[in-house]
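Chemist: Under the numbering used here, the first residue of the sequence shown carries the number 6, and numbering increases by one thereafter. By construction, the Cβ of each residue, glycine as well, lies at the ideal position given by its N, Cα and C atoms. Bear in mind the structure is a predicted one, so any value in this text is a computation, not a measurement. Below you will find the structure I want to go over with you.
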Amino acid sequence: MTKFRQMKKEGKSISMVTVYDAAFARMAEAAKIDMLLVGDSAANVMLGMDRTADISMEAMCLFTHAVKRGAPNSYIISDMPFGSDSTPENAVCNAKKFLEAGASAVKIEGLPLDSLKAIREEGIDLIGHLGLLPQTAKSFKQAGASEEEAEKIFEQAKILDSLKPCAIVLEHIPSTLGKKITLAINTPTIGIGAGKETDGQVLVMHDILCMHPFKLPPFAKSFANFWEAGVNAFCDYKKWVSEKK
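See the structure below:
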């Protein structure tokens, strides 16, 4: 039984946060966050791209290396970028690249079953991701809102559970569905907009720390205001320079 399955069994909540560089990974490790996710959201928040699907394997490996340097003792998950799991052979090859970069596990969106099975057959730790799938989503509305779609996600969760992944991320689904899946499977569930009855939660670092001036997603929460503090600090620095102090 993995550490995280044991936590689920004992009713302990699992914390996951996205990090992308050594400095913030060091902070997350100091805070004893359970799982650090090198998310493909780096495409948006770090590289200014419009879509998570635009980031490359090379960039994701670079971010993974950085996080490993900052948090050498943490459980690190790397997002498999769009297209990197297109065949079982590609999936295994790219998963191994992430392990070499310092990842403990890889995360794959959706249910490319052959690729998922190939990764597990290699003994590589796997994190699933169901519900809203940003890499391929045409709409960012809540997934699983209809009875038919909810049943599909529920069945996908049971299939993933049979592969014994370390966890399954459930993104932007009804809380009732999040609870139903959590109670039905042995794998820990990590919610992001999936209600409070999941086994853990994940949020994007930039939302937790409010590092941007944009409106937060409805399921996100800020615990600090780095945007305001940072802008004020730069203003004070500019004044300090202009006054030749």
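(1) Runs of 4 residues minimum, wholly inside the stretch 38 to 119: which ones carry the alpha helix (DSSP H) assignment?
(2) Where does Val207 sit, in a helix, a strand or coil, going by DSSP?
(3) Quick check: what's the CA-CA separation for Leu182 versus Phe9?
(4) Provide the residue span of the alpha helix (DSSP H) that contains Gly183, from first to last.
(5) Kindly identify the DSSP beta-bridge partner or partners of Lys172.
(6) Do the CB positions of Ile178 and Ile158 come within less than 8 angstroms of each other?
(7) Whether or not the stretch 183 to 190 and the stretch 207 to 221 are in contact is what I'm after, with contact meaning three or more pairs of Cβ atoms, one per stretch, closer than 8 angstroms; do they touch?
(8) Just reading off the alpha helix (DSSP H) that Ser20 is part of, what are its end residues?
(9) Rounded to whole angstroms, what's the CA-CA distance from Pro93 to Ser180? Just pull it up for me.
(10) Is Glu126 near the ligand FMN, going by C-beta to nearest heavy atom under 7 angstroms?
(11) Taking Cβ positions, are Gly205 and Phe224 nearer each other than 8 angstroms?
(12) Going by beta carbon distance, what residues of the same chain come within less than 6 angstroms of Thr75, once the five residues before and after it are set aside?
(13) Alpha helix (DSSP H) containing Gly235: first to last residue?
(14) May I have the straight-line CA-CA distance separating Cys240 from Met40, to the nearest angstrom?
(15) Does the stretch 132 to 139 come close enough to the stretch 96 to 103 that 3 or more CB-CB pairs lie under 8 angstroms?
(16) Should Tyr80 go down as buried or exposed, given a rule of 16 or more other Cβ atoms within 10 Å for buried?
(17) In the DSSP assignment, find the beta strand (DSSP E) that holds Gly196 and state where it starts and stops.
(18) Pairing CB atoms from the stretch 151 to 171 with CB atoms from the stretch 113 to 120, are three or more of them under 8 angstroms?
(19) Under 8 angstroms, do Asp130 and Ser109 count as touching if we go by C-beta distance?
(20) Assign Asp119 to buried or exposed, taking buried as 16 or more other Cβ atoms, counted over all protein chains shown, within 10 Å of its Cβ.
(21) How many Å lie between Gly107 and Ser83 at the Cα?
(22) Are the CB atoms of Ala58 and Phe87 nearer to each other than 8 angstroms?
Modeler: Inspection of the coordinates gives the following:
(1) Whole alpha helix (DSSP H) segments, 4+ residues: 47 to 50, 62 to 75 and 93 to 106.
(2) Looking at Val207 - three-state DSSP - the assignment turns out to be strand.
(3) Leu182 and Phe9 have their alpha carbons spaced roughly 21 angstroms apart.
(4) Counting along the chain, the unbroken alpha helix (DSSP H) around Gly183 starts and ends at Ser180 to Ala189.
(5) The sequence given here places Ala at residue 172; Lys does not occur at that position. In the DSSP assignment, Ala172 forms a beta bridge with Ile132.
(6) A contact, by the Cβ cut-off of 8 angstroms.
(7) Output reads no: the stretch 183 to 190 does not touch the stretch 207 to 221.
(8) Note, Ser20: premise wrong, no alpha helix (DSSP H); beta strand (DSSP E) at Ile19 to Thr23.
(9) Computed Cα separation, rounded: 33 angstroms.
(10) Absence of the ligand FMN from the depicted structure is noted, as is the absence of any ligand whatsoever, leaving it without description.
(11) Going by C-beta atoms, Gly205 is not nearer than 8 angstroms to Phe224.
(12) Per the sequence shown, residue 75 should be read as Gly rather than Thr. Counting only Cβ-Cβ distances below 6 angstroms, and skipping sequence neighbours, we find Ala27, Ala30 and Arg31.
(13) Counting along the chain, the alpha helix (DSSP H) containing Gly235 begins and ends at Phe231 to Ser247.
(14) About 35 angstroms.
(15) For the pair of segments examined, the stretch 96 to 103 was found not to touch the stretch 132 to 139: the number of CB pairs separated by less than 8 angstroms stays below three.
(16) Classification of Tyr80: buried, given that the 10 Å Cβ count is 16 or more.
(17) Per DSSP, the unbroken beta strand (DSSP E) holding Gly196 starts and ends at Thr194 to Ile197.
(18) Taking 8 angstroms as the limit for Cβ pairs, the verdict is that the stretch 113 to 120 does touch the stretch 151 to 171.
(19) Taking 8 angstroms as the Cβ cut-off, Asp130 and Ser109 qualify as a contacting pair.
(20) Asp119 is exposed by the Cβ-count criterion.
(21) CA-to-CA, the gap between Gly107 and Ser83 works out to about 9 angstroms.
(22) Against a cut-off of 8 angstroms, the Cβ pair of Phe87 and Ala58 comes out as a contact.
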